[in-house]
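*Asks:* Numbering (this note's numbering), first residue to last: -17 to 222. There's a structure below that I have some questions on.
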């Protein structure tokens, strides 16, 4: 019994700020329009409650898939508050879209670490011809999304090994994973960090050794898998 209680306590300490906030009635909206040769995307939020809500933050991610299949990304984030029944413009981005390209926009509104509202839209030249066609609510969940920012060949090799392992499993995680490489002091030194829900779950210094990078990729994947299991366990506890 003590072991069980201890396990529950550890999960609650690590993930206590992920508990759902059911008291917030907030609506997130992603809108887009064509302006000359640009697509203008706007992120808006509406407080449908009669209370003042402080310490909210938003994350807006734009993923563009080129005709060749390569991805590029941009994102915006920030903190804000909402007065009762207030509507607020959070961010505006502009993107060129050519034939064969696809643009996906994800907007998340969070209170602390908890997502309290979200919206998403998928844009192509066909959609522009048919005007706004937002995704269905069931399609909004980001599943299996890994965003990388690698700067060196070592970093790219690590990402390839991690991505191969991640793609080999049938079930994808319902959160987005950021893998970033940042330079440190020294000519060839860097740090690779894996983040989920704004949390660093794994960090290491790469080196030009294939076996080392493969081993690091396996450790990183196991850390992500552990986070996923703990996250699911917490959400199950909330139902009781």
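The beta carbon of each residue, even a glycine, is placed where N, CA and C say it ideally should be.
Please state whether DSSP places residue 159 in a helix, a strand or coil.
*Replies:* If DSSP states are grouped into helix, strand and coil, residue 159 belongs with the strands.
*Asks:* Given this structure, state the Cα-to-Cα distance separating residue 176 from residue 74, to the nearest angstrom.
*Replies:* Each residue's alpha carbon lies about 27 Å from the other.
*Asks:* For residue 154, name the three-state secondary structure that DSSP assigns.
*Replies:* Residue state, collapsed to three classes: coil.
*Asks:* Alpha carbon to alpha carbon, how far is residue 72 from residue 22?
*Replies:* Their Cα atoms are separated by approximately 14 Å.
*Asks:* One question on the structure: do residue 102 and residue 12 come within less than 8 Å of each other, judged by their Cβ atoms?
*Replies:* The answer is yes: Cβ separation under 8 Å.
*Asks:* By a C-beta neighbour count over all protein chains shown, 10 Å radius and 16 as the cutoff for buried, is residue 208 buried or exposed?
*Replies:* Answer is exposed; the Cβ neighbour count stays below 16.
*Asks:* Can you round the beta-carbon distance between residue 10 and residue 89 to whole angstroms, since I take them to be within the 8 Å contact cut?
*Replies:* Rounded, the Cβ-Cβ distance is 5 Å, consistent with contact.
*Asks:* Looking only at C-alpha atoms, which of 203, 164 and 152 sits nearest to residue 183?
*Replies:* Among 203, 164 and 152, the Cα nearest to that of residue 183 is on 203.
*Asks:* Can you tell me whether residue 201 is helix, strand or coil according to DSSP?
*Replies:* Three-state result, residue 201: helix.
*Asks:* To the nearest angstrom, how far is it from the Cα of residue 200 to the Cα of residue 86?
*Replies:* Each residue's alpha carbon lies about 29 Å from the other.
*Asks:* Kindly confirm or deny that the region 152 to 168 and the region 126 to 135 touch, where touching means at least three C-beta pairs closer than 8 Å.
*Replies:* In short, these stretches touch, since the Cβ pair count reaches three.
*Asks:* Examine the ligand FAD and report whether any of its heavy atoms sits within less than 7 Å of the Cβ of residue 84.
*Replies:* Summarising the ligand content, the structure contains no ligands, and the ligand FAD is consequently not present.
*Asks:* Between residue 49 and residue 82, how many whole angstroms is the CB-CB distance? I'm expecting something under 8 Å.
*Replies:* Right, their Cβ atoms sit about 3 Å apart.
*Asks:* Using C-beta distances below 8 Å, list every residue in its chain close to residue 171, excluding the 5 sequence neighbours before and after it, in chain order.
*Replies:* Excluding positions up to five away in sequence, the list reads 165 and 187.
*Asks:* Near residue 143, which residues of its chain fall below 7 Å by C-beta distance, leaving aside the five closest residues on each side in sequence?
*Replies:* So the qualifying residues of the chain are 195, 196 and 199.
*Asks:* How many Å lie between residue 214 and residue 96 at the Cα?
*Replies:* Taking the straight line joining both Cα atoms gives about 14 Å.
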